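Chains as they are written, first to last, in the working numbering: chain A, 3 to 459; chain B, 3 to 459.
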């Protein structure tokens with residue numbers, strides 16, 4: 003291994019670090035909440051501008067929802083990589099649990115805190131810092147690098163499958179670096195090869211034209227009760243999803259997947275400490291807990307009905323709302339799951355529950371024996387000095403499916419996170435040291451890929 | 003019947019009407035939300051002051067929660083009445099559904115709109131107007147009238163049983179006029195003789211120290227699911243309350259109760275129209291719907307967990323909260339019900355659900371054949387020119403139990419409401435014509451009682 007390359011890249015990243023962190027503050031300072039349509043156009047423009055500041059060509063490409071920022075570094079030689087990221091973030095609420103303003107980067111010890119700093123704005127800035135470092139150290143970046151930075155990841159990337167299909171020539175590449183990644187609780191680098199799919203639904207019940215005094219509860223229909231009972235039918239008493247046909251298209255993991263899972267370090271105790279719990283659900287632990295990523299989930303993400311203030315209010319709620327995300331595995335189809343949930347509720351006598359499809363995407367994974375995966379593992383080992391952890395599939399979701407199946411690229415992650423980044427939650431953060439290491443990993447991966455292509459031609 | 007007395011009282015009420023409505027605006031304008039502790043002391047002072055403006059002696063009597071306003075008119079002869087009312091109101095939310103500011107009286111057509119105007123501030127002002135009218139027309143009010151106006155009715159009158167016990171000599175009377183009442187959909191006067199009890203509980207679940215990304219839903223415990231499943235055990239699939247021992251102390255209605263129920267006009271269609279529904283729950287209608295007031299209820303008054311905003315947020319809620327009021331019948335004891343719900347949840351494996359007792363009171367009713375009830379019916383028939391409807395028990399609750407069982411007084415209602423007053427809901431209102439008629443009924447009832455006592459001595 004050329005340890006000198008790693009050292010030089012590290013020095014370049016360090017030299018540019020204050021600029022990177024300043025750009026990160028600028029980007030986090032621009033809210034971009036896709037689910038609420040807050041700040042999206044301004045954020046897209048800012049990202050396109052950041053790309054240009056780093057000598058990439060960039061432009062916005064419209065979609066039926068938010069624009070995709072497309073940026074490109076045109077290499078002089080064959081070979082190209084596509085990098086997937088997103089500029090949208092989760093809503094900041096509950097606001098009262100933040101220790102600092104969510105849309106402002108606050109430095110606390112070695113951490114930077116702000117909404118979207120880990121998911122995924124830290125990765126956008128890290129990619130730009132990595133490309134800078136490669137060009138500074140190699141004097142040139144001979145391969146082409148394509149950045150596709152979308153605005154709808156947090157709402158299940160509604161138009162990305164069609165977008166990738168339509169722009170498959172523009173996005174064509176040999177391999178792909180995905181958002182997310184970083185280190186585990188012990189500092190070992192984590193590389194992810196697959197993501198679950200998702201089907202996000204909202205349930206609404208309206209039982210009356212207005213709320214009523216609860217003294218009439220022996221006669222008038224309570225929307226909260228209807229929704230509690232309707233949700234109750236979605237799982238059996240043991241907690242298994244009870245929607246007819248839900249598992250029809252669910253594939254079992256391969257032997258190779260299960261082998262990789264069995265090699266994962268046991269993180270149970272770290273997870274317990276991180277979430278303040280004493281056990282996982284369903285008595286899972288160890289390998290069984292890790293294998294459970296191949297079990298689809300039905301998660302109540304929110305429930306709202308009636309009086310939620312202090313003390314007592316005696317009211318029969320006339321409306322109730324719940325949100326639910328199902329995490330899916332190959333080959334479950336989110337729109338099919340949506341239809342099956344509707345049929346299930348109808349059959350169980352809850353045809354009055356209105357179900358709205360808020361978005362979905364399919365699961366996808368890359369073969370762990372791809373050369374691109376091996377290169378990502380080798381470079382991670384070199385950067386972090388620890389044996390990488392390879393997840394054949396993680397619990398979260400992203401639009402990997404069109405990249406894997408339309409573009410046909412193998413996908414690895416390279417990232418700046420850790421298990422305590424609190425993504426999607428108050429006080430989302432990254433550690434500056436992990437920003438540096440993640441950037442170095444991306445830079446080394448890109449540099450080695452470019453050198454390999456150059457040597458091959 | 004002395005129709006002249008009614009005519010004279012009516013003229014006096016009309017003469018004073020603008021003053022009454024102006025006082026009503028003043029009282030509604032002072033928020034007094036007992037469940038949130040908003041404006042309570044100022045409201046108590048204002049009520050005491052209003053009583054003095056009408057020549058009653060008045061003072062605040064402290065309780066462990068909010069003060070009781072006690073007012074008295076000292077008659078020169080034996081005989082005394084006690085009038086029960088309350089100065090606290092329900093919270094105004096959901097605020098966005100109000101068409102005018104809740105704590106400001108707005109006049110729309112023949113209606114006055116504002117929080118608490120029907121429940122119960124309209125009644126407080128109506129009582130004062132009625133007493134004024136009696137004194138003006140009779141030249142004197144020979145019996146004693148005691149006003150007990152409490153501040154915790156909307157939080158289940160936490161200390162009223164002890165208060166009545168402690169002040170039983172002060173409050174001693176021959177009979178009682180209770181808050182609420184008015185007319186039904188067809189304009190017939192309604193007299194209520196009994197109220198259900200209540201047990202108000204809050205359920206809280208915390209499964210983790212913080213919310214988590216829903217990609218971990220195959221491992222991490224979801225508080226919303228826990229609470230949905232816990233609540234689900236409280237009713238069986240047919241919707242009947244499934245808490246062991248819940249019905250142990252529940253008495254059946256008497257034959258006389260059921261006879262009165264069978265004489266009630268069928269209001270099903272009016273209720274359907276009022277709430278925009280096509281049927282009641284459990285297939286109830288007609289007599290069966292009216293008899294259902296003797297069925298205790300378990301009402302979800304509110305449910306809150308996780309993300310409740312627009313669009314999608316993929317989070318595992320670490321906490322969930324629900325509020326529930328049980329309406330009770332004689333002889334159920336709210337504290338006993340609380341203990342039984344706790345035991346039930348424990349037994350069903352939901353010992354992690356924290357249950358908080360927010361308040362309770364016992365059901366109580368007056369014998370329909372009491373002379374005081376007959377007098378209330380006769381005077382209502384005279385005032386409204388229609389046959390009164392007598393409810394032996396209504397679905398709502400109030401602290402009738404200590405009045406019936408500690409003071410031993412027979413109780414009737416006399417009031418200014420109608421079925422469209424929207425109490426506890428946005429745009430709470432009264433009709434001015436019903437204010438006048440309800441005030442006239444109270445005045446005639448008091449005057450006839452005083453004349454009867456004077457004749458007897």
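All C-beta atoms in this analysis are idealised placements derived from N, C-alpha and C, irrespective of residue type, glycine included.
Being a predicted model, the structure only gives us computed values, none of them experimental.
- Each residue's CA atom was taken as its position, placing residue 373 (chain A) and residue 255 (chain A) some 21 Å apart.
- Nearest neighbour of residue 26 (chain B) by Cα position, chosen from B:53, B:37 and B:159, turns out to be B:53.
- Under the DSSP assignment, residue 152 (chain A) falls in the beta strand (DSSP E) whose first and last residues are 146-152.
- Cβ proximity to chain A below 7 Å picks out 277, 278, 279, 282, 283, 286, 291, 294, 295, 297 and 299 from the stretch 277-300 of chain B.
- Taking C-alpha positions only, residue 377 (chain B) is separated from residue 281 (chain B) by approximately 36 Å.
- Against chain A, the beta carbon of residue 226 (chain B) has neighbours under 7 Å at 302 and 305, listed in chain order.
- Rounded to whole angstroms, the gap between the alpha carbons of residue 229 (chain A) and residue 293 (chain B) is 27 Å.
- Distances from the alpha-carbon of residue 195 (chain A) to those of A:113, A:6 and A:412 put A:412 closest.
- Per DSSP, residue 444 (chain A) is one residue of the alpha helix (DSSP H) stretching across 434-458.
- In the DSSP assignment, residue 51 (chain B) falls within the unbroken alpha helix (DSSP H) covering 42-55.
- Per the coordinates, the alpha-carbon of residue 99 (chain A) lies some 45 Å from the alpha-carbon of residue 452 (chain A).
- Under the three-state reduction of DSSP, residue 171 (chain B) is assigned to helix.
- The residue from A:152, A:45, A:23 and A:217 with its alpha-carbon nearest to that of residue 113 (chain A) is A:23.
- Residue 79 (chain B) and residue 144 (chain B) do touch by the CB rule: their CB atoms are close to 4 Å apart, below 8 Å.
- Residues of the stretch 358-382 of chain B with a C-beta less than 9 Å from any C-beta of chain A: 360 and 361, listed in chain order.
- Within the model, the alpha-carbon separation for residue 139 (chain A) versus residue 11 (chain A) is close to 6 Å.
- Around the beta carbon of residue 188 (chain A), a 10 Å sphere encloses fewer than 16 other beta carbons of the protein chains shown; the residue is thus reported as exposed.
- In the DSSP assignment, residue 375 (chain B) falls within the alpha helix (DSSP H) that extends over 373-386.
- In the DSSP assignment, residue 60 (chain A) falls within the beta strand (DSSP E) that extends over 59-63.
- Taking the beta carbon of residue 202 (chain B) as reference, the chain A residues within 8 Å of it are 314 and 316, listed in sequence order.
- Residue pairing of residue 356 (chain A) in beta bridges, as defined by DSSP: A:206.
- Note that the C-beta distance between residue 304 (chain A) and residue 310 (chain B) is below 8 Å.
- In the displayed model, residue 342 (chain A) falls within a helix according to three-state DSSP.
- Around the Cβ of residue 97 (chain B), a 10 Å sphere holds fewer than 16 other Cβ atoms; the residue is exposed.
- Annotation: Cβ neighbours of residue 329 (chain B) in chain A (cutoff 8 Å, chain order): 216, 217, 219 and 220.
- In this structure, the CA atom of residue 129 (chain B) is about 10 Å from the CA atom of residue 135 (chain B).
- The alpha-carbon separation between residue 123 (chain A) and residue 115 (chain A) amounts to approximately 12 Å.
- Contact annotation for residue 309 (chain A) against chain B: 93, 95, 303, 304 and 325 [CB-CB distance below 8 Å, chain order].
- Burial check for residue 111 (chain B): the Cβ neighbour count within 10 Å stays below 16, so the residue is exposed.
- Around the C-beta of residue 267 (chain A), fewer than 16 other C-beta atoms lie within 10 Å, and the residue is accordingly described as exposed.
- Excluding its 5 nearest sequence neighbours in each direction, residue 431 (chain A) has C-beta neighbours in its own chain below 8 Å: 110, 113, 114, 115, 116, 119, 120, 422, 423 and 424, listed in chain order.
- If you draw a 10 Å sphere on the C-beta of residue 242 (chain B), you find fewer than 16 other C-beta atoms in it, and that means exposed.
- Taking residue 263 (chain A) as the centre and dropping the five residues before and after it, the same chain places the C-beta of 292 and 293 closer than 6 Å to its C-beta, in chain order.
- Under the Cβ distance rule, residue 391 (chain B) does not count among the residues neighbouring chain A, no pair being separated by less than 8 Å.
- Cβ contact annotation for residue 379 (chain A) (same chain, cutoff 7 Å, sequence separation greater than five): 193, 390 and 392, in chain order.
- For residue 426 (chain B), a Cβ of chain A is located within less than 8 Å of the residue's own Cβ.
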